[in-house]
Amino acid sequence: MSEENIGTGQPGRDAFTPVEELNYEQARDELIETVKILELGQMGLDESLKYWERGEALARRCESHLEGASKRVEDALERAENREQQAAEGED
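This is the structure we're talking about:
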């Protein structure tokens with residue numbers, strides 16, 4: 117058998133896609149998996165902290181996407197309301 121090691125068993129710095137590049141669904145799905153991993157409680161403190169930090173970043177990313185979506189809905193509703201007002205004023 118070969119003595120050659122394939123990996124260290126530890127995720128590298130580039131093991132995860134940067135949070136900024138994830139869409140909402142990707143960030144949400146990874147956050148769910150991260151929570152499941154943390155709930156197992158089978159890691160050491162340092163590894164747990166890395167997952168916790170990743171989870172926090174994923175949660176912030178999800179919140180950012182949701183805030184953007186909420187803003188888009190509010191803007192669309194405002195535009196619709198303005199069109200209705202303009203149509204009502206045109207009828208007068």
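For the sequence shown, the numbering used here assigns the number 117 to the initial residue and increments by one for each residue that follows. Glycine included, each C-beta is placed from N, C-alpha and C at the ideal position.
Are there 16 or more other CB atoms within 10 angstroms of the CB of residue i, so buried, or fewer, so exposed?
| i | result |
| --- | --- |
| T133 | exposed |
| L174 | buried |
Do you know how far the Cα of residue j is from the Cα of residue i?
| i | j | result |
| --- | --- | --- |
| G160 | G171 | 16 angstroms |
| Q202 | R195 | 10 angstroms |
| N198 | V151 | 43 angstroms |
| H181 | Q158 | 31 angstroms |
| E183 | V189 | 10 angstroms |
| E163 | E141 | 24 angstroms |
| Y167 | R176 | 14 angstroms |
Just reading off the alpha helix (DSSP H) that residue i is part of, what are its end residues?
| i | result |
| --- | --- |
| V151 | 140-156 |
| E207 | 161-207 |
Residue i and residue j: beta carbons closer than 8 angstroms?
| i | j | result |
| --- | --- | --- |
| C178 | L147 | yes |
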